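Enquirer: Encoded as structure tokens, here's the structure I'll be asking about.
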Ligand SMILES: [Zn+2]
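Numbering (the working numbering), first residue to last: -14 to 473.
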């Protein structure tokens, strides 16, 4: 029997409950106070049919998902069994970048279908970046009029495209996605990435950068110096307006405010930023970044929300711990270790191996499956217990179409889902491989083409060529140097 993630407790009782093929089995369900752990459930199958007890509505939903997987294994009958199940992590996330390349509402829904089958419950939607701003914002219409259009695309590999690339989601479309996720007990977390990765914002409103110079949305991958000027009060007003409008669409608890890859080159010499820094009695631009995080997270808190930021944003050491959850993607930075070891909420999305836009030769299925987010070197036991969840992002600089997107994510997202739900105590890779093969067939029937089995765990000599091929995309730019230098 193939189940992913595997339930915590599964006891086969011998015998089968039969029902007519093509018809649904008889199911009864109720919420019970006997189950205290959020999202947990009990599922029993006996001669009377299927009985579900959930700690909450989500628990009942997950029991039904398990039942759906059981039905994929059996036709017209179900084995008598008892299942008790609860998730290891409350935050089980996947992230899609629709900025570098855009995916339609239908494509996004298909990805949600694929992820939800494996009990993910957070969809982090990366909606703003240097290469495109992808949400309609009524109070700042240029964000889409200008910011959603890049003049061409040059992401390497000879796939240069000289035509303008123009896409964004309307509010109605995003509400539709939020509703679609809600039915699947998935919270959609929008990311408005500030102060870096904001070329598209600055292209729309040049007066919000430190130099005020007119620039265009970027056509290449990279980390760029032009970031929002925090010494300009209009910048803060713009951020709050965008947050306000996004909060009307995205009604969940979390809001991602980015904060990654924000070089402080401009802030260090900008009179407005330096004036602000002195006014606030801060020591350096990293502290100024921390101040910005505090301002926005407090603004979100007043709306009943909790901010998430990438781990570079806490380098100043002055980020208010109560209002922020840190998304840890860079390996073992000093600030991130102190944050987690201080007992502060942390989501692990280590780029090795959870960034699934990297080739399988670099991040193999086995590496993703066996990675233990609580065993990062330097994490204390308090640090490990501060890990509220894990997330696997897919960045799309080098992913132009839907089939490429699905191949990158599947089956590696099954490995992430298994850890997110089960932790790392019961890992059995050979068994998992069979489960993966089974579900890749199911996914295919739903229009999601997973990577072929030959890719999942690549032999060492091919690994090297894939790694070199992937890194070559960056080598012509400053990106690699910046990337390698920014770890503390
Ligand atoms: Zn400035």
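Where a beta carbon is used, it is the ideal one built from N, C-alpha and C, also for glycine.
Quick caveat, the model's predicted, so the values are computed rather than measured.
1) Thinking C-alpha only, which one of 300, 301 and 305 is nearest residue 292?
2) Quick check on this structure: which residue in 59, -5 and 393 has the alpha carbon closest to the alpha carbon of residue 6?
3) Between which residues of its own chain and residue 94 is the CB-CB distance below 6 Å, once the five residues before and five after are set aside?
4) With distances taken from CA atoms, which of 352, 174, 104 and 400 is nearest residue 235?
5) Is any beta-carbon of chain B found at less than 9 Å from that of residue 147?
6) Considering Cα atoms alone, identify which of 287, 328 and 425 is closest to residue 394.
7) Please find out if some non-hydrogen atom of ligand 1 comes closer than 8 Å to the beta-carbon of residue 53.
8) Taking just the CA atoms, how far does residue 214 sit from residue 272?
9) Whole angstroms are fine: how far does the CA of residue 348 sit from the CA of residue 469?
10) How about residue 232: is its Cβ closer than 8 Å to a heavy atom in ligand 1?
11) If you draw a straight line from the alpha carbon of residue 198 to that of residue 114, how long is it in whole angstroms?
12) Restricting to runs no shorter than 3 residues, where is the beta strand (DSSP E) found entirely within the segment 91 to 177?
13) Please find out if some non-hydrogen atom of ligand 1 comes closer than 8 Å to the beta-carbon of residue 215.
14) So is residue 99 buried or exposed if we call it buried at 16+ other beta carbons inside 10 Å?
15) At the level of alpha carbons, what is the spacing between residue 107 and residue 23?
16) Assuming residue 196 contacts residue 136 under a Cβ cut-off of 8 Å, what Cβ separation, rounded to an integer in Å, is found between them?
17) Measure the beta-carbon distance from residue 51 to residue -8 and round it to whole angstroms, keeping in mind my assumption that it falls under 8 Å.
18) Where does residue 431 land, buried or exposed, given buried means 16+ other C-beta within 10 angstroms?
19) Figure out for me which residue from 46, 390, 444 and 252 has the closest Cα to the Cα of residue 171.
20) Run through the segment 217 to 268 for me and flag every whole alpha helix (DSSP H) of 4 or more residues, listed as ranges in chain order.
Expert: Answer, in terms of the structure:
1) 305
2) 59
3) 165
4) 174
5) Absent from the structure: chain B. Only one protein chain is present.
6) 425
7) no
8) 14 Å
9) Annotation note: pLDDT 49 at residue 469 (below 50); position unreliable, no value reported.
10) no
11) 18 Å
12) 107 to 111 and 172 to 176
13) yes
14) buried
15) 15 Å
16) In fact, because the Cβ distance is near 20 Å, the residues do not count as touching under 8 Å.
17) 6 Å
18) exposed
19) 46
20) 218 to 234, 250 to 254 and 256 to 264
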